[in-house]
Structure formats: C-alpha cells, structure tokens
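Residue numbers (the numbering used here): 185 to 495.
Contents: one structure, followed by commentary.
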Amino acid sequence: MDGDFSHEETLMVKAAWYYYMENYTQQNISTLLGVSRVRVIRLLEKARQDGIISFHIRQDSDRRMQVEKELITRFGLHDVFVTPIAGRVSELNESLAQAAAIYISDRLGGSFFINMGYGDTPSRILNHLARKTEIPINVVSLTGGVSYYLPNTQSSIFNARLHLIPSPLLLSKPEMVEELRKEVSVQRIQQMSWESSMTVVGIGSMSDDATIIKNGILTHEDFLLLTLQGAVGDILSHFIDKDGNPIESTLDNRLLSTPLEDLKRMNNVIGVAGGLDKVDAIRAVLNGHYLDVLITDEETATVLLHPHDQT
185 MDGDFSHEET LMVKAAWYYY MENYTQQNIS TLLGVSRVRV IRLLEKARQD GIISFHIRQD
245 SDRRMQVEKE LITRFGLHDV FVTPIAGRVS ELNESLAQAA AIYISDRLGG SFFINMGYGD
305 TPSRILNHLA RKTEIPINVV SLTGGVSYYL PNTQSSIFNA RLHLIPSPLL LSKPEMVEEL
365 RKEVSVQRIQ QMSWESSMTV VGIGSMSDDA TIIKNGILTH EDFLLLTLQG AVGDILSHFI
425 DKDGNPIEST LDNRLLSTPL EDLKRMNNVI GVAGGLDKVD AIRAVLNGHY LDVLITDEET
485 ATVLLHPHDQ T
C-alpha cells in the first residue's frame, strides 16, 4: 500500500510540476510520463484535492523531483523514479520492487512482453507485477538460472507466462555456453527478447550478501579475485569496473547471459537498485550507459549525485 501511494504521489507531483512550473501541455505531460492524457487530467485533479498543489509543491516531493531531474541530466537517462528513504535492506528491496511493478504496469500499453534479468529484486518485481496486471504478461529471461525466475506461487493470482532459457547461469566450460547458444529453444528466447517493450534488470554489489553468492553460483574467493581485477558490481551477472567497462575473466566466458552490448540496444532498459552498499555499482552501470530508466531510493540517489556527502 505504501508503495502504491508513493508512486501515485510521485506521478501527481511530476504532472503538477510540468503543468504549473514548466508550462507543459497535458498532451506533452502524457507523452513524457508515458500515461494517457485522461490520466494526466485525473492526476492534476487529485493533486489539487490532496493538497499537493496549493501555492507551492510540498517540500519533500519537490526535493525528490529535483534529485530525479539532476540524475536524468547527469547520466543521460530518459527517466528516474526516486522512492522515499526506506529502512532495512529487505524492506528497501521490497519497496523498490513494488514501486517498479507499478511504474512498469503504468507503461505497458498494448505490449505485454518484458525482459527480466537475474536477481532478488527482479524476482520480487515479477511477483508483484504478475499479481497486479489483469492481462497475462510474457516474461522473457535474459540469463540462465531457471530456478530463480520461478515465482512464489502462494497466491493463485499470477498472470505471467515465463519464457526461460533452460540452462544454469554458470556452466563448467565456455564450450558448453557456445553449444547452448546454438540450440533452437535458446535462440527463440533470445529473439523474443528483441521484441519486448521493456527490459528490467537488477544491479549487484560486491558485498557478501550478493544474490549470486547466496545462491552458491560464485564463491567469496571468486568475488575477491574479481575485486582485485577492479570489479565494483554486476549487471546481468557481468562484472564491471567503476567506468562501466566489463571485467574480462574466465568466469564471464562460462556465463549464459545476454551480452552487455546487446543490453544497450534493447528497449526501455529499467534498472532497479538501492542501498548505500550498491552506490558504486549503480554509478558504474550509469557510467556505462546501460540504462534508460533508474528506480532507486532517495538516500541512494542523493549519494549518487553528491558522493563526498556519504558518511
């Protein structure tokens, strides 16, 4: 419920900001936010009813708007959605996943094919999204690691069809990766990924709590070696340095995952990540220009813009 309110309020603030402060037309705002003009009218009306619009836009919402605009300008993004500061890591991941599911469902339009990366946050997003949408969505995996895409099916309401690469994420030999990529079923899923209207990825840090370690795919020793090679985090399980350049390693050659150069060419790439332990990784991903949209929390967003203020 809090996630819903936060996202709705953010849309109201954005609509109000562009309409009253920057003199955008309702149609301009509709195009910019990716929602219908009718919804823009309703957002403006609700903003007035809820007191967001009086003689000024509320200070906390105004601050997040400014942070979003700065991030868009600095890193060349199409959009940024900043949620209020959350608490513990598990709470933050859940809050971001809820916000991302709402953001995505608002922009699905007539297409219901979405690419999904590997990780804890994308898995949470998938669960929220599949319970939120009325029409089944098609989710296309960007990596191996089938078991991690399988939903938490405690609820009977799960409107998603999963198109999975039938393979582990990390194989024992590079030759096995090459052979699997030749399989018709794998090539079919890779072709589907180019037709998807959105691509959703998480961002991993080099901390001991990283999903790829907790799932036993990599070891602490692997992480230490990657850190010595300059890795600050990963996207789609490809490790990158502070400038966003891929780290060349024997591990990467055994990885069945969408190449980063392909990721750059996909439609509407949305990165969802937050927490101070991920700041270096998120900044590296932004430096590498892998994303079109960033969804993060306010504290992380502020540190991304002002790293010297981090305590």
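The beta carbon of each residue, even a glycine, is placed where N, CA and C say it ideally should be.
Residue range of the beta strand (DSSP E) that includes residue i
i	result
His422	422–424
Arg345	344–347
Asp263	263–267
For residue i, the nearest candidate out of the options (CA to CA)
i	options	result
Leu402	Gln210, Val469, Leu439	Leu439
Gly451	Glu359, Glu379, His404	The residue asked about is misnamed: residue 451 is Asn in this sequence, not Gly. The residue with the shortest Cα to Cα distance from Asn451 is Glu379.
Leu348	Ala284, Leu195, Gln374, Lys357	Gln374
Ser325	Arg345, Asn343, Gly301	Gly301
Leu498	Lys253, Met360, Thr383, Ser433	Missing from the structure shown is residue 498; the chain here goes from 185 to 495 and no further.
Ile321	Leu292, Arg372, Thr305	Leu292
Val453	Asn299, Lys253, Gly218	Asn299
Thr327	Arg308, Ala314, Pro268, Leu364	Leu364
Glu445	Tyr474, Ala468, Thr434	Tyr474
Gly386	Tyr204, Thr434, Asp304	Asp304
Val224	Thr209, Ile236, Asp234	Thr209
Ala468	Asn429, Glu483, Phe297	Asn429
Arg449	Gly472, Glu432, Met390	Gly472
Leu228	Thr194, Phe297, Phe259	Thr194
Cβ distance (whole Å) where residue i is taken to contact residue j below 8 angstroms
i	j	result
Leu261	Asp418	With a Cβ gap of about 20 angstroms, Leu261 and Asp418 do not count as contacting.
Val266	Asp461	Val266 to Asp461, Cβ: 18 angstroms. No contact.
Leu470	Ser421	In fact, because the Cβ distance is near 18 angstroms, the residues do not count as touching under 8 angstroms.
Asn277	Arg308	6 angstroms
Leu435	Val463	Contact doesn't hold; Cβ gap of about 24 angstroms is too wide.
Leu280	Val456	5 angstroms
Ile236	Val197	6 angstroms
Val323	Leu310	6 angstroms
Ser351	Leu313	In fact, because the Cβ distance is near 24 angstroms, the residues do not count as touching under 8 angstroms.
Ser433	Leu412	Their Cβ separation, rounded to whole angstroms, is 11 angstroms, which puts Ser433 and Leu412 out of contact at 8 angstroms.
Residues bridged to residue i (per DSSP)
i	result
Ser325	Met300
Gly417	Ile424
Ile454	Val384, Val477
Leu354	Leu439
Pro430	Ile424
Span of the alpha helix (DSSP H), counted from its first residue to its last, around residue i
i	result
Thr480	Careful: Thr480 lies outside any alpha helix (DSSP H), inside the beta strand (DSSP E) at 477–481.
Val224	221–233
Lys462	Segment: none, Lys462 is in no alpha helix (DSSP H) and carries neither H nor E.
Val370	368–379
Asp406	404–412
Leu216	210–217
Leu292	Here Leu292 belongs to no alpha helix (DSSP H), and DSSP marks it neither H nor E.
Glu445	444–448
Thr395	395–398
Residue burial classification, residue i (beta-carbon count within 10 angstroms, cutoff 16)
i	result
His492	exposed
Thr337	Reliability fails at Thr337, whose pLDDT of 44 lies under 50, so the model's placement of it is uncertain and no value is given.
Ser356	exposed
Ser340	Reliability of the predicted coordinates at Ser340 is poor, the pLDDT of 47 falling under 50, and the value obtained from them is presented with this limitation in mind. Burial call: exposed.
Gly282	The residue you asked about is not Gly; residue 282 is Gln in the sequence shown. Its Cβ being crowded by 16 or more others within 10 Å, Gln282 is buried.
Ala199	buried
Glu275	exposed
Glu359	exposed
Ile213	buried
Pro306	buried
Gly414	exposed
Ser377	buried
Asn437	exposed
Ile319	exposed
Asn207	exposed
Asp392	exposed
His404	exposed
His490	exposed
Thr215	exposed
Arg345	exposed
Ser369	exposed
Ser389	buried
Arg248	buried
Gly172	Given that the chain is displayed from residue 185 to residue 495, the structure contains no residue 172 and the question cannot be resolved.
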